Amino acid sequence: MKILLPVDGSEHSLDAVRHAIHLVKQGLDASFVLMNVQEPTYLYEMVLAPSADVLERVTGAAGNHSIEAAEDLLSQADIAFEREVVSGEPAPTIIETGERYDCDAIIIGARGRGAMRSALLGSVSQAVLQRSPVPVTIVKTGQTHWQADTPDAGASE
Amino acid sequence: MKILLAVDGSPFTQRMLDYLATHEALIAPAKEVSVITAVPPVPRHVTGYIDKASVQAYYDDEAEAVIKPVREFIEKRQWKASYVTAVGNAADVISKAASEGKFDLLMMGSQGHSAIGSLVMGSVTARVMAHCATPVLIVR
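Top line first, the protein sequences correspond to chains A and B. Heads up: the first sequence begins at 78 in the numbering used here, then just goes up one per residue. Heads up: the second sequence begins at 36 in the numbering used here, then just goes up one per residue.
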């Protein structure tokens, strides 16, 4: 099965990747599409004040940067993946990308960059959950059971 | 891998099973899946009028009504499963089972019997997500 892993560069969003790695180590046979969505640059921003920040978004560097930590995690775990950095509105773009890659499921962090303590589920995760044609796994932050994923940690279940 | 399926006999239960049937890779690594359903408790002021055995029989019947089609579906596919039913508030029952059983994944519907289509998720799913640290795979 093919699983979509959207990340936004935040530590919270990496927990979704850690859960995916944990499932693979438990024996799950799946391939992954790692993705990041960059909100589009507006002409206004480009014309008026092309700061380094804007230019980074334009060149997709921000997207690549956001996805780096997740790529490292997957590579260290020796898990192959496809990657996609896209521009657009986060939730619809995530779903569209999932459809484009024919993903069977989405694994996403409960919260991401804009995390407010009081929010159970971030706005993007919520919107993805609401509109996704495939099941969505929500991973909360601060999980620890995958810390046992070391060779000498003993057998699972 | 340990997977817990929370079922309630609503259309979402069948959707979840249908998804698993078309994506067996997800449950393949699990030696068996655990299936759980919660039966809401009979109010105290009612149980005062009914003997314990009858109340228990009621709970057993309610649970069996939910579990039976699930068990049949699972046995037809020759998956291995264990079944647990518990009396209590569904969100509490499911959260407790998922945490205490150290499950890697909890699967449940986005809503249940009282589904309102426009909501992101129903009350039980929302409460489970609020209280339980286990990653939750939500089937719409």
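Just so you know, even glycine gets a beta-carbon here, dropped at the ideal spot from N, CA and C. Values in this document were obtained by computation on a predicted structure and should not be read as measured data.
Residue i and residue j closer than 7 Å at C-beta
i              : j              : result
I185 (chain A) : G175 (chain A) : no
Y118 (chain B) : V70 (chain B)  : yes
I171 (chain A) : R208 (chain A) : no
D181 (chain A) : V201 (chain A) : no
P64 (chain B)  : Q153 (chain A) : no
L81 (chain A)  : V94 (chain A)  : no
R94 (chain B)  : V68 (chain B)  : It is Tyr, not Arg, that sits at residue 94 (chain B) in the sequence shown. Contact flag unset, no.
V90 (chain B)  : T72 (chain B)  : no
G152 (chain B) : F47 (chain B)  : no
I144 (chain A) : A187 (chain A) : no
F138 (chain B) : K37 (chain B)  : yes
L141 (chain B) : L55 (chain B)  : no
V162 (chain A) : G137 (chain A) : yes
H58 (chain B)  : M78 (chain A)  : yes
V81 (chain B)  : A126 (chain B) : no
T120 (chain B) : A88 (chain B)  : no
T118 (chain A) : V131 (chain A) : yes
A41 (chain B)  : I129 (chain B) : yes
Those residues which DSSP pairs with residue i across a bridge
i              : result
T72 (chain B)  : B:T120
Q235 (chain A) : For residue 235 (chain A) there is no data in the structure shown, the boundaries of chain A being 78 and 234.
P83 (chain A)  : A:M112
T214 (chain A) : A:I184 and B:L172
E159 (chain A) : A:V110
A41 (chain B)  : B:I71
M142 (chain B) : B:L40 and B:L172
Residue i: contacting residues in chain B (beta-carbon distance under 8 Å)
i              : result
S209 (chain A) : R175
H99 (chain A)  : D139
Distance between beta carbons of residue j and residue i, contact taken as under 8 Å
i              : j              : result
L91 (chain A)  : A147 (chain A) : 6 Å
H99 (chain A)  : T218 (chain A) : Actually they do not touch by this definition, with Cβ atoms about 14 Å apart.
R160 (chain A) : L111 (chain A) : 5 Å
G123 (chain B) : P76 (chain B)  : 6 Å
S108 (chain A) : A157 (chain A) : 7 Å
H160 (chain B) : S134 (chain B) : The identity of residue 160 (chain B) in the sequence shown is Thr, whereas the question assumes His. No, T160 (chain B) and S134 (chain B) are not in contact; Cβ-Cβ is about 16 Å, not under 8 Å.
L197 (chain A) : V155 (chain B) : That belief does not hold up - the Cβ atoms of L197 (chain A) and V155 (chain B) are roughly 10 Å apart, past 8 Å.
T177 (chain A) : G86 (chain A)  : Residue 177 (chain A) is actually Arg in this sequence, not Thr. With 8 Å as the limit, R177 (chain A) and G86 (chain A) do not qualify as a contact, their Cβ atoms being about 22 Å apart.
L52 (chain B)  : V105 (chain B) : 7 Å
K66 (chain B)  : K115 (chain B) : 6 Å
E133 (chain A) : E166 (chain A) : With a Cβ gap of about 19 Å, E133 (chain A) and E166 (chain A) do not count as contacting.
Within chain A, the residues that residue i reaches when beta carbons sit closer than 7 Å
i              : result
P2 (chain B)   : Residue 2 (chain B) cannot be examined here, being either before or after the span of chain B that is shown, 36 to 175.
A100 (chain B) : Those do not exist, as A100 (chain B) stays about 25 Å from chain A at its closest Cβ, beyond 7 Å.
V155 (chain B) : Q203, L206 and Q207
D43 (chain B)  : Under the 7 Å cutoff, chain A gives no residues; its nearest Cβ is about 16 Å from D43 (chain B).
A165 (chain B) : L197
Chain B contact residues for residue i, given Cβ-Cβ distances below 9 Å
i              : result
H142 (chain A) : Here the premise fails: no neighbours, minimum Cβ distance about 26 Å.
D181 (chain A) : Y54, T57, H58, A60 and L61
V216 (chain A) : P170 and V171
Contacts that residue i makes with chain B (C-beta to C-beta distance below 7 Å)
i              : result
V213 (chain A) : I173
V78 (chain A)  : In the sequence as presented, Val is not what sits at residue 78 (chain A); that position holds Met. What M78 (chain A) touches in chain B: H58, A60 and L61.
Q115 (chain A) : None at all; the shortest Cβ gap to chain B is about 25 Å.
H96 (chain A)  : P170
Chain-ordered chain A contacts of residue i [CB-CB under 8 Å]
i             : result
Y54 (chain B) : P212
Beta-carbon neighbours of residue i, restricted to chain A and to distances below 9 Å
i              : result
M143 (chain B) : In chain order: nothing, as chain A lies at least about 10 Å away.
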